[in-house]
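Enquirer:
Residue numbers (the numbering used here): 9 to 251.
In structure tokens form, the structure reads like this:
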């Protein structure tokens, strides 16, 4: 069954202060592999852009069995799941050598790039386009809703600038990972590694907007909300293992 497979060597710029793969770098690898896979299957950026269509990621869910370290080679396997209505699922498996170090699933939407409104699968695809799709699941995850903060503490805010943008003229999904990790201090993270992380992109952020971040620990996880004028734009739920 179809899989796109690509390896990434962890460089100095891909890791944090403790030589662990940064979440933003991991998301960049996943997004790159997803885009290359879409190119192979005929619905990549160059295929759909002439029809004023594009893809945006709506949710990530990732489980990591261990930290991936500087100098290791991370091999990403990815394949799309047959879509339904507005939602395109894509799964990932992560390997260092023969060792499976993580799994991931993501939800994407196809959009009209002129209005940024979601469009149905039928706007570009026919049913026969999905014949032979890989039906294997890396992980069967369904708990996409992140609970609201009960009484989160305000940590910091930042103004969206040029370097945060991607080619859809909004903040790229990978950037939010760094924004939200900045609610933690170096000391808070020195003895921790990610075991699971979930991100929901609620509404795009634009240049000049100020996004404020709030943090709270709930049921063993940290919940982080990013808000613009009290409107939630992005959420993250993250669990850590103690080292």
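For every residue, glycine included, the Cβ atom is placed at its ideal position computed from N, Cα and C.
Unbroken beta strand (DSSP E) runs of length 3 or more, entirely within the stretch 17-84: which are they?
Expert: Complete beta strand (DSSP E) runs here, min 3: 61-72.
Enquirer: Which whole-angstrom value is the C-beta distance of residue 160 and residue 231, which I expect to be below 8 angstroms?
Expert: Confirmed, about 7 angstroms.
Enquirer: When the Cα of residue 184 is compared with those of 76, 127, 158 and 240, which residue comes out closest?
Expert: Of 76, 127, 158 and 240, the residue nearest in Cα terms is 240.
Enquirer: Does DSSP put residue 237 in a helix, a strand or coil?
Expert: Reduced to three states, the DSSP call for residue 237 is coil.
Enquirer: Is the CB-CB distance between residue 103 and residue 83 below 7 angstroms?
Expert: Contact: yes.
Enquirer: Just confirm the distance between the C-beta atoms of residue 116 and residue 98, as a whole number of angstroms; I'd bet it's less than 8 angstroms.
Expert: Confirmed, about 6 angstroms.
Enquirer: Which runs of the alpha helix (DSSP H) at least 4 residues long sit entirely within the stretch 128-213? Give them in chain order.
Expert: Counting only runs of 4 or more, we get 181-189 and 194-197.
Enquirer: Cβ of residue 55 less than 7 angstroms from any chain D Cβ?
Expert: Here chain D cannot be found, since the structure has a single protein chain.
Enquirer: For residue 207 versus residue 68, is the C-beta spacing smaller than 7 angstroms?
Expert: For residue 207 and residue 68, yes; Cβs fall inside 7 angstroms.
Enquirer: Put residue 115 into one of helix, strand or coil per three-state DSSP.
Expert: It is a strand residue.
Enquirer: Taking the beta strand (DSSP E) that residue 227 belongs to, which residues open and close that run?
Expert: No beta strand (DSSP E) holds residue 227; DSSP gives it neither H nor E.
Enquirer: Does the Cβ of residue 237 have 16 or more other Cβ atoms within 10 Å, making it buried, or fewer, making it exposed?
Expert: Exposed is the call here.
Enquirer: For residue 93, write down the residues that DSSP places opposite it in a beta bridge.
Expert: None, per the DSSP bridge assignment.
Enquirer: Pick helix, strand or coil for residue 2, following the three-state DSSP scheme.
Expert: The structure shown does not extend to residue 2, since the chain is modelled only from 9 through 251, so no value can be given for it.
Enquirer: Going by Cα to Cα distance, which pick from 123, 42, 133 and 25 is closest to residue 77?
Expert: When each option's Cα is compared against that of residue 77, the closest is 25.
Enquirer: If I'm right that residue 60 touches residue 121 with Cβ under 8 angstroms, what's the distance once you round it to whole angstroms?
Expert: Contact flag correct, Cβ pair sits at about 5 angstroms.
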